[in-house]
Every structure is written in structure tokens, then in C-alpha cells.
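> Protein chains in written order, with our numbering: chain U, 1 to 322; chain S, 323 to 633; chain W, 634 to 904; chain G, 905 to 1403; chain C, 1404 to 1723.
To start, I am sharing the structure in question, which I have written as C-alpha cells.
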Amino acid sequence: MNAPLLSVRGLAKHFPIKGGQVKAVDGVSFEVAAGETVALVGESGCGKSTTGRMLLRLTEPSAGTISFDGVDLLGLGRTDLRRRRRELQIVFQDPYSSLSPRNRVEDIIAEPLDVHGLCASREQRRDRVIELLRLVGLDAIHLRRHPFEFSGGQRQRIAIARALAPQPRLIVADEPVSALDVSVQAQVVNLMQDLQEKFGLAYVFISHDLAVVRHIAHRVAVMYLGRLVEMGSTETLFAAPHHPYTQALLSAAPVADPERRRTRIVLSGDVPSPANAPSGCHFHPRCPVAQAVCRESVPELRDMGNGHMAACHFGKPFPISV
Amino acid sequence: MIGYILRRLLEVIPTVLLVLTLVFFALRIMPGDPAIAALGEFATPDAIARFREKLGLNQPLYMQYFGFIAQSLTADFGTSMNNGAPIGDLLGQALPYTISLALAATSIGIVIGLPLGAMTAVHRDGKLDAFGRLFALIGFSLPDFYFGILLLLVFSLHLDWFPMLGGGKGFFDQLHHLVLPAITLGLVMAAFTMRLTRSSLLEVLKRDYVRTARGKGVAERWVIFKHALRNALIPVTTGMGIYLLTTLSGTITVELVFSRPGLGTLLIGGVSARDYTLVQAGLVVFAFFVVVVNLLTDLLCAAIDPRITLR
Amino acid sequence: MNVPINKLTMIGTGLSALLILLAAFSPWLAPLDPLDQSFIAANQGPTAEHWFGTDSFGRDVLSRVLFGGRISLAIGILAPVLSALAGVWAGMLAGYLGGWTDRVLSRASDLLMSFPTLLLGVMIAAALGPSFQSAVIAIAVALFPRFVRLSRSATQVVRREPFIDASIAAGRGHLSIMLHHVLPNIAGPLVVALSLWIATAIRLEAALSFLGLGAQPPTPSWGNMIRDGMSDLVGDPWPAAFAGAAITLAVLAFNMVGDALRDLLDPETAA
Amino acid sequence: GVSQRDIGSMDPAFGIGNGDEFPMRQIYSVLVGPKNGTSDLTFANLQGELAEKWEMAPDARSVTFYLRKGVQWHRGYGEVTSDDVAFTIARMRDPKTGTAYSSNFQEIVSVETPDRYTVKINLSKPNPFFYAFALMPRFGGYIQPRKAVEELGEKFRQNPVGSGPFAFSAYESKQKVILKAFEQYWEGKPRIDQLEVLFLPETAARTLAFVKGDVDMIEGATVPGWQASLKKQKPTTVFDAGRPGGTWALHFNMTRKPLDDIRVREAIARAIDQNAWVAAFGDFVTPTYGVSPVGYYGALDKADLPADWPLLYDPAKSKKLLAEAGFPNGLTIEVFITEREEYKTNLLIIQEQLRKVGIQINMRVVDHTSYHNDIRRDLNTMVVYGSGQPPLTQAVLNAFYKSSAIVGKPTRNMNFSHYGDLAGNSDSLLEQANQEIDDTKRIALLKQVQIEILRQIPAYPLPSAAGSWMHDGKTLEIGFPVKAYMGTFTLAKASRLAP
Amino acid sequence: MSLLEVTDLAVHLFTNRGVVRAVDGVSFSLDAGRSLGIVGESGCGKTMTALSLMRLIPEPPARIVSGSIRFDGEDVVTMSSPRLRALRGNQIGMIYQDPMTSLNPVFTVGEQIAEAVRLHRHDTRNAAWARAVEVLRLVGIPDPDRVASAYPHQLSGGMRQRVVIGMALACDPKLLVADEPTTALDVTIQAQILELLRRLQGELGTGIILITHDLGVIADLVDDVVVMYAGKLVEHAPVRRLFAAPRHPYTQGLLRSVPSLETREHRLLTIDGTVPPAHAMPNGCRFNPRCALVRDICHEQEPPLVDAGGGTQVACWALT
Ligand SMILES: Nc1ncnc2c1ncn2[C@@H]1O[C@H](COP(=O)(O)OP(=O)(O)OP(=O)(O)O)[C@@H](O)[C@H]1O
Ligand SMILES: Nc1ncnc2c1ncn2[C@@H]1O[C@H](COP(=O)(O)OP(=O)(O)OP(=O)(O)O)[C@@H](O)[C@H]1O
Ligand SMILES: [Mg+2]
Ligand SMILES: [Mg+2]
């Protein structure tokens, strides 16, 4: 792949709370090339959304740098930032709440166009919106409708159309399909892939559904309690995860086939809260291979060969048996 | 807990200071002057000047202000500008009447409004519901002073069941005097409580945990009174807390109609006589009430709902 | 929608509209000049000539009730609307921006909240003189903190919705977001509250008039008609009774509209 | 029941409103006063209270009072002596006291107390009516005990000590004053044991309480038809119309346009029909012809009016005058008025009458305190003013038409019309009348002054409303026919009738 | 005799916009110790079916308009309410879809579990509490003594879900109805819960009805599967058979849409179109607008459920 479109270094977000802080994201670094899909996976609350939001500066990072197309995003002033936002868009998890319920589809999709003054006339605006609607598989008859008149999958398409409107180069997709049914989910995933091919879009695809990720991502980054624990190409990661957490996660993901009951690694205990994360390696209290050292020192993200990175003191490849 | 209460009570101070500042300047912006009010229409300019001097009203405004704030902080309310009576005494006489009226009205509001609200919610859209909602609408529409006068006409003038004037002497007599004013305000409160309870309970009855309770085999009565009502009470408590303050304000007209002593009578009289000291002190007391009512509401909510922590 | 709500809605809306129309067209509808005094015909009960009787100045009560509606309804509608205009913005700013803006605005509205409404009225009337304007200001100021609270908390909810973030991401500025996204989405509960508080305001106008603070003679308002009528309630109960009935009717009507609107805006009951 | 919200003070130096007067009259005594139930201030007809005997020097420059012996102060403050009288006069006269009535005492140059029971008051110039200004009930004439005033200081206003038939017993702010019969009252202990004066500012509450019988006596309301209706509800009601009533007038601020034009003033005057008041209030009001109501010493009666009198009702003439003054289509005048019922009612009736000739009065209501404040700052265009003056035309003239009383000047400032500086000046003629010893001449002079003044129409005298009180004839007997205002006599002779 | 026998169940919702036939003629049965999965798209009537088993559907607007639900031979539909109450929480336990909202926020979880125990076993307060603690231990909650006196908001999602499961199990029910018991949970926690259910079934012989739209979970846990589409039962088959040889076009489409963990297709297969709105169902087969095999009769008549061999029953004209 070519030079990275997006490059994130040491990104962190610490939310102050009563009597301390939540280290929602704690030093995350990764890159996304143009036309590439990087998936961010991990359990609920591990900091995926926060990372995604920081990429657009919807949440201000506590530390780190974000460079987009060689420009330091965090150094931009308000107007420059707003202008830059044209190239960076976001699609949210929840198709029901990410569209303003009072607006009509036309206005929703045209919002980025209006804000950036991308349409000279009403006709041009309408034409562009219709074009976008067609692109996501909807029709001009939907222009004057309100979001509630659409199904979840259709709404997600509208959200995608809105994100596409200003012709961005990168879209952060924050769990765009997790609220959808399998059959609808497939439609949206296909659409995203088609668009990528057509426009050379890059995605940061946030999800905790491993099957979907497996399907759509070129590379995968696994997060646990605010930190990256493993990162590599999709093929390698799914075939031979190094980090015990990734291993457990993959094994626990249910497979829709009763013939192939897999040996599951059933972890004990709940995901701890990031407000009082365990010392050392955050995963150690639930880790089946934890040693004393895990409690004390934080494992670095190390290259395990082929550019596959994992953050485990003892990490070794673990082919998922079926 | 005690620490929390103390801390909340300490928070009164900035509020009261703000109220005081506002009132201080508001009063002085008003046209008219305590001297004319106190000395009457025959007062000569000379007498007025003397009077102002005695009360310190001729000092620069900021001097008056700081003197007044300093005095307030030592809880020294001073004497009435109008008639020289110690403000502490005036408030001491008036407060019990206002408090008892507000409490009685609230009790009536709860005793009638809560069960009625619960019943109408349970029998939603039935006859009882229609009746209850109508009651609430009408109760809410009657201007309280007019309603008060009608009560006076019927129950005091014609039937002579209740006295007409004043606040009464001694416990039972005071209670006797309290009935009509309390009903006047209480019925509005009941209407309000009923509406609030009804809508809150309807909301709660839709919740999943009510279904969970039914799914356990809990009898319907207990589903409502144990599982649902307690949850419904949280918004009701908050709403009634706010409404209690409105009721306190409503005591003003009711006190006038029933010629009852109380804070309202005192304050209205104070404003019309430009009795700065009296009005200032009265509003401090009122601000204190507001804080106490808010505090009680919060305490009550915390007692009802374990999710609410007192910090 | 089930029948009782439907009926109530229709009755309420119809009644509100009727009252407003009657008041608006009172100069054409009123049978007599509401200011015309006639001491020979004073303190009469309903007759063929004076359907609602006459007051102590011999003025026609029906005409006064009709004209009184202009003031009472004007205050009742104007004050909450003014208050909403200011309060909603303040509440949106507080709820949207949070932080210091929120703290200052919330404190200020709490402060106003801790003033007894009627006393506020008394003070404003003392400062500006009792009048239509004073009553509007007093009621508007009294309602202001409620609008602030309501719109603030509604805004806080809307602020967390992803579509706001989506709009920020699209590059919209904050004020524009408040206008384009927050306001339309909090409008529902606000409109409901507005209709309820119109009812409250009509009552407050009456209470202020009772204290002698509302619209001033000879202009009739329902509140001051009750007040004036009350001095001779036994001898000539008509002015107060009809004005009282008018208030009750108006409050009832607006309350019904409010109730219905609330049900209508609740997706569970409306659909 | 009185209409006041509260009592200001029970120190006579600071008593003000009508509500204060009633209890104060019961607590304190005057040296001499009008006969029970009357308002006749003629020297010869006075009735002694603390004074047994009194005489005026022929040159009207001094009055001597001989005190009744053995009259006691309440609460054991001893006997009433000439020293107390001298003390009272000194106290009232001293500007440092801050009383509103000190100007009434300025003519006194010295007070002699040759013995314990004799007081001689010397005046700076002849004034045969001096006593009527200074020493009558209601106007600071109550005698106060030196010992109590000095001992109690500030507390005296809340703990008054007098020598009247009822002694102060208790006071509840904004609620009531309780008075108890004074055992040692010089006329003997009153037959009523206890008096409660309730503050009932709400007319409705006051009326209902009276109808129900919770109170025996109330202050009336100035609402048309109210009295008739009360009589219907409670046939045993006795109306105690205090006559002559208060002085009411509509003062024209002659510094303001268009009221600087006498034609406009006359147009207004000619549009007002006093019979409207009579229609509304019945015989409780009486038309007024001069500056003072009929019944006042020196008042003008209808018969005294010249043929071309400009204040007579004549709407056609009124319209003509308006046209002449350049207002053929009428005009609008902005006026503010106090919230008080009696003021508003008067202006309402005037407003309605003026409307008929095309004069629109826009009224703005302000609260009572502001009203008093602002009219004295010359802010109003037309001032409706009513007050309980001593029933003497001189008093009214002094208060409203002397140039020294023009608003803004540091005296009593109730001359709202600026008469004296504008439209004419009658100060010297008035002074002449004030000092005239001969009765007939004095009355002639007074009438002459009034005609001279009113020809310029600085004010339009409004019908005089009788002091309006009522009591329940079934339960209360005052003891004599009441023809005077309630605050001018005591209830020493009153008795409760068996219900 | 089966533990549960649902025959021709129809639940309709009477709303302002018209009647929603949320469940329309569904039949299935379950034997003790067996488990049945119900799958289908969101809104197809799974929850309504589950709730009607205990007559917990929201009335109004919902009403069971026909059919019978025989539990142990007794018909739940016509049962008296005291009898129904004796059944609820005792013989039939229910795990609700959303653990966050199914627990009453103002009572401790111990109280909420003990309530059912006291109601049905007439235990003393202490005995019921002891049972609550025991149940919490059973569902794998560490330190159950402490957790029993905690309020719901003090627990994590996974713990709350376990509390809900514990509540359903407190009286050792013969039938456990689990409505999407793991949708709200992370996969690693989900694995724990599924493990737990499997264990319980083995140990206590409880019959389980598991509702989910996660085919992975179905494949993992149940013996038989019912597929629903728009209120209709379209296919009923043993689990292996269903995955191996789905018969109904909808079932086939559904299975095809699931992305695989192992392989990576270029495109996912989808079912065209969307579920029609609830109050505007097409005539005949409800799937007809989206079906590739549609014929005339599909627009006219509802297909009956017929045996398709291998234990599979299917409702499709194309297959008859
Ligand atoms: N504004 C905030 N204040 C305090 N804590 C926050 C805030 N926003 C997020 N957090 C915490 O930060 C952590 C990470 O949140 P984030 O939303 O990024 O997780 P996530 O991986 O997207 O989870 P999910 O899969 O549930 O969406 C969570 O524990 C969350 O509670
Ligand atoms: N209160 C209600 N009013 C109107 N329609 C309702 C109501 N509750 C449910 N429905 C409708 O009934 C149908 C069946 O709903 P049900 O909850 O059983 O679906 P489900 O299969 O459990 O869906 P999910 O997977 O989303 O939980 C749906 O179409 C739904 O829209
Ligand atoms: Mg997230
Ligand atoms: Mg469901």
C-alpha cells in the first residue's frame, strides 16, 4: 500500500470522573492507507468509539497526534478544522439516532453540502442528493420522507449517503451494522465494499462482530481496555492470533454451524471497568496464561513477524481449531 | 449523611447572598420611599429627610449595601423601617402560619392526589380515569383566590362550619382556621399530584421490570403498589417539591382572602410600605425555604431510589 | 387513538379557538360598550338586555367578559411566549455548551425560581406601575426559569444523540446546530409545556389582578373583574362569577390542548 | 375591621392612615374635641376631654386650658398634668421628632404651665382657629405622657400609653390591635371590655366578616352599590356616615399643556356631572361647590355661586370650549393614579364622563406609595387627591392653594395645580381671612377667596364622600348619633347589645 | 405428553393504525429436557410468542385471539389468573431480552429473586434469601452474599443478565423461556452464559425455549429450530438439518447472509427488499414480495406447514 492517509501516534483520552479518571483510550497508534479498511475490534467499552471520535476531533484527545494527509489535525484552528471535516466523515452505530428525526432525507444528506457551500443552486443540490441516494440503493421518491419512514438498513444507507456527500477520503464507521439484522447487515456491508472499490475510500471500521470484520477488513486492530493488544493483516490475525485475548475472542464468537462445535476458551470474570483497570497487562486477571510479570509490567506492542504486532509477554501463535 | 446535609445547608449562603443583592437593589430601584410610606401624606420634606437619615437611607448606596450584607451575615434582621418592630418577631409570628398552611395543603395534595393518580393510571381510560382527569383539570383551572372566596361563602358564611378570619389561637382553633385555606390550596396541589402520579405511573407500568414482576407471579395489586409506585414516586417527589414552592407563593393570595397571618401578608405589606428591611428578611427566609425544600426533595428521592447517591 | 382523548382534544382545541376568536372579535361581538357606565342599571343580574348582568358601575358584564378575554388571553399567551423565546435559548445554551455557561445560567434561573411569583409581580408592579406590561413581564419572568430548566434538560438529551455529532462532523458550527437540530428536536415537549403554562399564566394574571397588579381599569380583564366583583360578591355575584367561569373555561381548554398534545407527541399513544 | 394592611405606629407623632386613627382615638385623649359624634369645630361648641375649661384671648393670640384633675395615664404612669401637655406640644413642634404634623405647631411661640393643671399656649400671630389645626383628634392633638415617652423611647410606638377609654393591650403585626377597657378612665370604665381592631385590607373579606357577624363594625368600601347591597344582606346595618366627608378634588397641573389653557380646564369642569356620584353612592356623597365640602367651616354652598359659574355641568359648552381651544376632535390626557379603590373609582367616573365630550384619559395605575411620591415630584398631569382635612375651609386652602404649598417647595407641598405662581395668587387674602377674628367677616372672606381661586379653575372640587363606616345595630350601640368620622370620637359610651 | 404444546397461536395488536398480526397461527411443541430455538428477523414476533406463553403480552394493545398453549396439559390461554400466577415464575421461568431494564432499580437483586421464592414456596424471609444467594452462586456470580444485597445499577451487564437468569431459575422451573439472553452482552460473556444454560439443562432437565436472531447461538445450543417470518412460522426443523439443508427460501436467505469467520467471500448474499410494515402485510405468503420462487398462488393463499422429510416442516408453496 502507498503512504498512509491517516497516521495516529500515541493517541489517548482520559475522561476526568469523580475521584480519578477513565483511561478510555491509552496510547493507541496505527495507520490507514488510502483505499484500505482497518477494523478496530474489542469488547464493549474498550475505547473503540472514543478512538473513532478522536479521529474526527468530536472528542478532543488528551495526548497523541493525528496526521491526515500529512496535516496535523490537532493543530488546526476551528475554521480550518471545519473545512478539513469535508474529507473525514463518520457513520454511526445506531441507525435510529444518527439521523435527526425532524429533518427530511434530502436535508439530512445535503447537510455537509450546505455547510461547505458545495452546491451552487437548489437544483444542483437536489441532483447531487438524488445521485447519492441512487448510489446507496435508494430512490428519488425518498427525498421528502422523514427517517422514521425507513427501516434500519435503509437509514444506515442514508447515513452512508450523508457521509459520502462531501466526497471524503476516509470514513470512520462506528459499528455501522451492529444494530441490524443479519440479512440487512449483509446489504450494508456489501454497499460499503462497493463504494470503497468505486471511490477508493479508506475506512476505519469499528465493530465487535468478528465475522463481519473478517469479511470487510484488510487489517485488524484489537483493543482491550483502551490499549491495542494486537494488530495485523486480517488473514494472519484470524488464522493465528498471538494475544490470549484475541484468541479467546475468536474462539467465543459463535459460528452458525452446529456441525462445527469449536473448543471455546471460556474466560472467567467480567470485563473490568476502565475506571479502575488492572495493573500491568490489563488482561491479566482473566488471562489463562498469566504470570506474575503480567501483573507488574505493561507489555509493549511487539512485532511477531511479518509486521504482525501483539502486546503480550508470552504471546505465541494459536491456530484456532475448529 | 449529616455531613451532606450540613454541606447543602451551607450552600444556602451564596444563594441567599444573591437573593439579598438582587432584592436590595430591586427595592431601591422601585419608586417611592419608606419615609413617605411610614410618615404618611402629611409628611413635610423636612420630616422625610430626617426619617431617611435615621434609617441610614441617605448614605451612598454601596455603604448601605455593605452595611446590610454585614448585618445579614450575623443573622441580624434589624427592625422594620415602617414601624420599628423587630423583624425577627414579625417573622416569628408569621412563619408558623405559612408553614402550617403549606404543609396542610401538601398533605391534602398527597392524600387525595396520590391514590387518585394511581387509580386512574391503573384503570386507564375507564370511568374512574375520566372522572379523575376531569377533577384534575378543573382543580387546576380554578383561580385559587376565587375558589377560596366561594368556600368562605358556603362553608363559613352560610353553613358556619368554619371561621372566616385570622389564624386562630391554640392548637385546635388554629386547626379549625386552617381547614378552608388548606383545602383551597390543597385541591390545586391534589390536582397537580394526581396528574403527575398518573403520567409517571403510566410510564412506569410500561417498563420491563413491571412485566418481570408479573412474570414472577406477583399479584397485580402488589405489582402496582410495590414495584411500580415506588419507581413512579421519584418524578412525583421532584415535581411536588417544585410545586410546593409554587404553593408557598400561592399562600399570598390565600392569606389575603382568609385574612390569615403569614409570610405572604407580611411581604406584600412590606413591599407596599417600602419596608426594605422587612422584605429583605422575608425573602431570605423564603430563599432558605427553597433550599430546604430542595434538600428534602433530594433526600426523599435518595431514600426512594438507591441509584441516587448523595454527594 | 382512543375515544376519550380524541373527544377531549377536539373539545379543548375547539374551545381554545373559540375563546381566542371571541376575544379577538369582541369589538364587533360585544353587545354594548364595556366602558359605558350607567348607575341606574348597576348591579343587575342577567336580563334580556344584559345577558350576564351589569357590574357596580352599570357596565355590561357580557361585553366586559368578551373584552376582558383580550387582556387575559393576551397576557396568558404573550407572557409564556416571550418567556419561552428567552428561556429556550438560555436553556439550550446551558444544556448544549455545559460548563460555565450552564452553571451561570442554571444558578440565575434557580435564583428566579426562589422568588415567590406573586411577590415578584408585586415588586415589578411597584417598580413599573401595575399594568398590562408589568403583568406580562412578571409572568414571563416567573415562567422563564421553567423554560430554562426544561429546554436545558431536553437539550442535554439531544446533545448526546449521534445526529448532533454527525452534524458537527459535517462541519456545522454550534449555534447553527442549536438552531437546526436541537431546537426542532426539543420543540415537542416545549410546545406541550407552553400550552400548559398558558393555562398557568391565565391563572397568574388573575392572581396578579387580585393583588391589583394586572391590567388596569377601566380596561376589563377577567382577573380584575373578579377582583372588582369580589367587593360585593353577595350583592352582585355576576361579574366575578362570569369572569371566573371564563378563566376556568380558558384554563380548562388550554390544559386539554396541552394534555392532548402531550399524548399526541408520545409515540406510544399517538401513532 | 379597617381597610389598612397594618398599623404604622401607635405613637401619635407618627400615626398616619385611617386605620391608625381609630385605635389611636381610643387610646389617647385630646384637650378638647368636637362633641361626640359631630365634627363641629366652632370654639363655643367644643367638648372638653382632658381640659375642663378653656378660653381664648380676645386677640386670638393665646389659648388657656384648665386640666381636669385626677385623670390617669394607662399602666400606672400617673396623673395627666400640664407638664405632659407642654411636653407633647414641644415634642410635636420639634422638627427633630420627625413628625409630619410639626407644621401645625409652628405658630406656637411658648407654652406656659403656671401650675399642674393650667396650660397657656401663646401664638406668634392671631389665629382663632389655631386649636382646630393642632389640637383636634386625628391631627397630632393627642396628649402624650412625658414619663412614658422618655422611658420607652423607640419602644413607645409599639407600646403606647395614653389616657383614653381603652388601653393598649396587644398588637399582632398585619393582624390586629387589641385594646382593653381602662378601669380608671375619667368618665368611668367603658362598658365594652375589649376592642379588637382587625386589619382586613380585602373588601370581600371585610364585608363577609361583617355580614357573618365576626366583626361588629367595619370601614366601608368605595364601590358603587356596595352599601345598598350590604343593607340587603344585613338589614341591621347602621351606616355611620362621617360628615362632612373628605375633601376630594381633581387638580389640574397648570404647567402642563393643554391644561395651561383655562378653556380646556373649563371644558373639563363642564363635562363633569356630580350627580353621577350621587347616582352611584346615594346620599353617601354630597356635591361640592367650593374648595371645601359643604359642612366645612366657610364652605361655599350652591346659593353662593355667581350666575356665570364656570364649574357647572354643561357638556355642550364643554365641547364648544374645546373647539375654541383648538381641540375640535377632542384630546388625550395621560394620568397616573394610585391603586387605591376610592381614587380609582373617582377617576373612573370622571374618565367615563370626559369620554363623552371627546377627552380621552389614559390612566396608568401605580402603587400608593409611588403615587404619593410622584405627585409630589410634580410628575402627574391631573391629580386626584382626597384627604381628611380638619373641617375648615382654611385648612383646605392652606393645603392646596397657597403658593408656599406648591409641589417642589419645602413645605407641605400639596398644591398640585401651581395656583399662586400661575393663574393668580390669593395668599394675602387668605392670610387676611386666617387672622380675621370676627366670624361673619371671616366667613365672607373665605368665600371670596374660594370664588377668586376657582374662577381660574386650578382644580375641580369633587363630591365629598362621607367617612364610611358601618356597625351592626343589633349588637352594638355607639351611645350617641354618629354624624362624624369614626376616628374623631371614642367608644367610651358604646355598649354591646345582647344578641 | 409434551411439556409445552402451542397450537395455532395468534397474537394480534390492536393499534390506532390497524391490527398488527404479530403472531399468526404458530404451532410447536417441546418435550422436557429438550431445547427449541426460535429465529427470525427483528420484529417477526419472537418476543410476542415468548410472552404469550405466560400471558405476559402487553394488554392492551395485544390480545391472544386464537390458539391454545398447553403447559403440562393445561391451557394457559384460558387459565384463571390465580392459577396463572402460580405458574408464573414457578413452573415457567423467563429470561427477558434486556437485563438492563428487566430488573427493578429500587430493590436489591436478592430481594427480587427471593420474592418469587417466597411467593411460590411460601418460605420464610430468611429461607428465601438463602435460596436467592444459592441461585446467584449457581449462575456463577462471585461473592453472591454481597451481590445479593446490591442494587441492579451496581452490577455490570453480564452480572445483571446472570441475575435475571437466576431469577428465572429460582423455583426450579420445568420450562425456561430465554428471550435473547445474550444479545446485550460481549461475546466472551456470552460464551459464559451459554455454557451455564447448557449445564443447567443437563443437570436439571429443564426444557428451554431460546429466542435469538444470532444463528451462531442457535447452532451452539438448541436441538430444534423454529424460523419465523412476519408473524408466521415458516420452517421447523432439527438444528443440524436446518443448517445443513434449509428448505424455506427465507431460511436459505438468512443463512446465506451470515458472514463466515473462516472464509472470506467477496460479496455477502442478501435477501432483496425489506420486511413489509406490520399493518400492511401482503396477501398469501408474507414472504412473496422478496421471494425468488414466487408463483401466482403465493399471492393468493397462505402456504400450510407441511412435512418436508427429515423432521422438517415448512410452509412454502414452492415445496409442495
Ligand atoms: N464522556 C465520558 N466520560 C467518562 N467516561 C467515558 C466518556 N465517554 C466514554 N467513557 C468511557 O470510556 C470507555 C470507552 O468508551 P467507548 O465508547 O470508546 O467504548 P467502545 O469500545 O466504543 O464501547 P461499545 O462497544 O460499547 O460502543 C468506556 O468505559 C466509557 O464508559
Ligand atoms: N406495543 C406495540 N404496539 C404495536 N406494535 C407492536 C407493539 N409491540 C410489538 N409490536 C409489533 O409486533 C411485532 C412483533 O414484535 P416482537 O417484539 O415479538 O418481535 P421480535 O421478533 O421479538 O423482535 P426483536 O428481535 O426486535 O426483539 C413487531 O412487528 C412489532 O412492531
Ligand atoms: Mg462504541
Ligand atoms: Mg424480541
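From the three backbone atoms N, C-alpha and C, an ideal C-beta is built for every residue, glycine too.
Just so it is clear, the structure is predicted and the values come from calculations on it, not from any experiment.
Give the C-beta separation of residue 243/U and residue 233/U to the nearest angstrom, bearing in mind that I take them to be a contact with Cβ-Cβ under 8 Å.
Within the first sequence, numbered from 1, the residue matching residue 243/U stands at position 243. Within the first sequence, numbered from 1, the residue matching residue 233/U stands at position 233. Between residue 233/U and residue 243/U the Cβ distance is about 15 Å, and since that is not below 8 Å, they are no contact.
> When the Cα atoms are used, what is the spatial distance from residue 1720/C to residue 1683/C?
Position 317 of the fifth sequence, counted from the first residue, corresponds to residue 1720/C. Position 280 of the fifth sequence, counted from the first residue, corresponds to residue 1683/C. Spanning the two alpha carbons is a distance of roughly 21 Å.
> Please name the residues in the stretch 1697-1716 of chain C whose beta-carbon is closer than 8 Å to at least one beta-carbon of chain U, in chain order.
Cβ contacts with chain U: none found.
> Buried or exposed, going by whether 16 or more other CB atoms sit within 10 Å of the CB of residue 661/W?
As a working note, residue 661/W is residue 28 in the third sequence. Per the 10 Å Cβ criterion, exposed.
> Taking DSSP's pairing of strands, which residues face residue 16/U in a bridge?
Working through the first sequence from its first residue, we reach residue 16/U at position 16. Paired residues: 21/U.
> Where does the unbroken beta strand (DSSP E) through residue 1087/G begin, and where does it stop?
Along the fourth sequence, read from residue 1 onward, the residue named residue 1087/G stands at position 183. First-last for residue 1087/G: undefined, no H or E at that position.
> Return the chain-ordered list of same chain residues with a C-beta closer than 6 Å to the C-beta of residue 634/W, the five sequence neighbours on each side being excluded.
In the third sequence, the residue the question calls residue 634/W occupies position 1. Reliability of the predicted coordinates at residue 634/W is poor, the pLDDT of 35 falling under 50, and no value is obtained from them.
> Is any beta-carbon of chain C found at less than 7 Å from that of residue 167/U?
One-based indexing of the first sequence puts residue 167/U at position 167. Chain C contact via Cβ: absent.
> Is there a C-beta anywhere in chain C that falls below 7 Å from the one on residue 284/U?
By one-based count along the first sequence, residue 284/U stands at place 284. No - not a single Cβ of chain C is within 7 Å of the one on residue 284/U.
> Any C-beta of chain C within less than 8 Å: which residues of the stretch 202-228 of chain U qualify?
Within the stretch 202-228 of chain U, the residues whose Cβ lies closer than 8 Å to some Cβ of chain C are 208, 210, 211, 212, 214, 215, listed in chain order.
> May I have a chain-ordered list of the alpha helix (DSSP H) segments no shorter than 4 residues that lie completely inside the stretch 1355-1403 of chain G?
Listed in chain order, nothing qualifies, since the stretch 1355-1403 of chain G has no complete alpha helix (DSSP H) run of 4 or more residues.
> What is the C-beta distance between residue 1127/G and residue 865/W, in whole angstroms, given that I count them as a contact (C-beta under 8 Å)?
The residue you call residue 1127/G lines up with position 223 of the fourth sequence. The residue you call residue 865/W lines up with position 232 of the third sequence. About 6 Å separates the two Cβ atoms, so the contact holds.
> Work out the CA separation of residue 453/S and residue 636/W for me, nearest whole Å.
The residue labelled residue 636/W in the question sits at position 3 within the third sequence. The residue labelled residue 453/S in the question sits at position 131 within the second sequence. Note that residue 636/W scores a pLDDT of 39, beneath 50, so its modelled location is shaky; the value from the coordinates is reported in the next line. The alpha-carbon atoms of residue 636/W and residue 453/S are separated by roughly 15 Å.
> How would you label residue 13/U, buried or exposed, when you count the other beta carbons within 10 angstroms and need 16 or more for buried?
The count along the first sequence starts at 1 and reaches residue 13/U at position 13. That one is buried.
> Considering only heavy atoms of ligand 1 and the C-beta of each residue, which residues fall inside 5 Å, strictly closer?
Taking each Cβ in turn, the ones that pass are 15/U, 22/U, 24/U, 44/U, 45/U, 46/U, 47/U, 48/U, 49/U, 50/U, 274/U.
> For residue 1013/G, is the classification buried or exposed, using 16 other Cβ atoms within 10 angstroms of its Cβ as the cut-off for buried?
The residue you call residue 1013/G lines up with position 109 of the fourth sequence. It counts as exposed.
> Output the distance between the C-alpha atoms of residue 1119/G and residue 1077/G, rounded to the nearest integer angstrom.
Against the fourth sequence, residue 1119/G aligns to sequence position 215. Against the fourth sequence, residue 1077/G aligns to sequence position 173. Distance between the alpha carbons of residue 1119/G and residue 1077/G is about 19 Å.
> Excluding the 5 residues preceding and the 5 following residue 1627/C in the sequence, name in chain order all residues of the same chain whose CB lies nearer than 6 Å to its CB.
Looking up residue 1627/C in the fifth sequence gives position 224. Excluding sequence neighbours, residue 1627/C sits near 1439, 1641.
> Cutting at 7 Å between CB atoms, please list the residues of its own chain near residue 1447/C, excluding the five before and the five after it.
Taking the fifth sequence and counting its residues from 1, the one referred to as residue 1447/C is at position 44. Around residue 1447/C: 1631, 1632, 1633, 1634.
> Strictly under 7 Å for the Cβ-Cβ distance: is residue 559/S near chain C by that measure?
The count along the second sequence starts at 1 and reaches residue 559/S at position 237. Not an interface residue.
> Considering just the uninterrupted stretch of the alpha helix (DSSP H) at residue 1054/G, what are its terminal residues?
Translated into positions along the fourth sequence, residue 1054/G becomes position 150. 1050-1056 is the span of the alpha helix (DSSP H), which, as asked, contains residue 1054/G.
> Under 6 Å: does the beta carbon of residue 1429/C sit that close to some heavy atom of ligand 2?
Position 26 of the fifth sequence holds residue 1429/C. It does not: the Cβ of residue 1429/C is nowhere closer than 6 Å to a heavy atom of ligand 2.
> Helix, strand or coil, according to DSSP, for residue 1691/C in the structure here?
By 1-based counting over the fifth sequence, the position of residue 1691/C is 288. Three-state result, residue 1691/C: helix.
> Give a single yes or no on whether residue 587/S has its beta carbon closer than 6 Å to a heavy atom of ligand 2.
On the second sequence, position 265 is the one that residue 587/S refers to. It does not: the Cβ of residue 587/S is nowhere closer than 6 Å to a heavy atom of ligand 2.
> Along chain C, in chain order, which residues have C-beta atoms closer than 8 Å to that of residue 190/U?
Counting from 1 along the first sequence, the entry for residue 190/U is found at position 190. Residues of chain C passing the Cβ test: 1670, 1671, 1673.
> Let me know if residue 942/G comes out buried or exposed under the rule of 16 or more other beta-carbons within 10 Å of its beta-carbon.
For this step, residue 942/G is matched to residue 38 along the fourth sequence. So residue 942/G counts as buried.
> Please report how far the alpha carbon of residue 1229/G lies from the alpha carbon of residue 1173/G, in whole angstroms.
Residue numbering aside, residue 1229/G sits at position 325 when the fourth sequence is read from its first letter. Residue numbering aside, residue 1173/G sits at position 269 when the fourth sequence is read from its first letter. Taking the straight line joining both Cα atoms gives about 14 Å.
> To the nearest angstrom, report how far apart residue 983/G and residue 1394/G are at their CA atoms.
The residue given as residue 983/G occupies position 79 in the fourth sequence. The residue given as residue 1394/G occupies position 490 in the fourth sequence. Cα to Cα, residue 983/G sits roughly 20 Å from residue 1394/G.
> How many angstroms separate the CA atom of residue 252/U from the CA atom of residue 265/U?
Numbered from 1 along the first sequence, position 252 holds the residue referred to as residue 252/U. Numbered from 1 along the first sequence, position 265 holds the residue referred to as residue 265/U. Distance between the alpha carbons of residue 252/U and residue 265/U is about 7 Å.
> Roughly how many angstroms lie between the CA atoms of residue 138/U and residue 159/U, to the nearest whole one?
Within the first sequence, residue 138/U is the residue found at index 138, counting from 1. Within the first sequence, residue 159/U is the residue found at index 159, counting from 1. Computed Cα separation, rounded: 12 Å.
> Residues in its own chain within less than 7 Å of residue 1180/G by CB, not counting five upstream and five downstream?
Walking along the fourth sequence from the start, residue 1180/G turns up at place 276. Excluding residues within five positions, the ones whose Cβ falls inside 7 Å are 1253, 1257.
> For residue 271/U, which residues from the same chain have a beta carbon less than 6 Å from its beta carbon, with the 5 sequence-adjacent residues on both sides left out?
One-based indexing of the first sequence puts residue 271/U at position 271. Excluding positions up to five away in sequence, the list reads 43.
> Taking 6 Å as the cut-off, does the CB of residue 1451/C come closer than this to any heavy atom belonging to ligand 2?
In the fifth sequence, the residue the question calls residue 1451/C occupies position 48. True, at least one ligand heavy atom lies under 6 Å from that Cβ.
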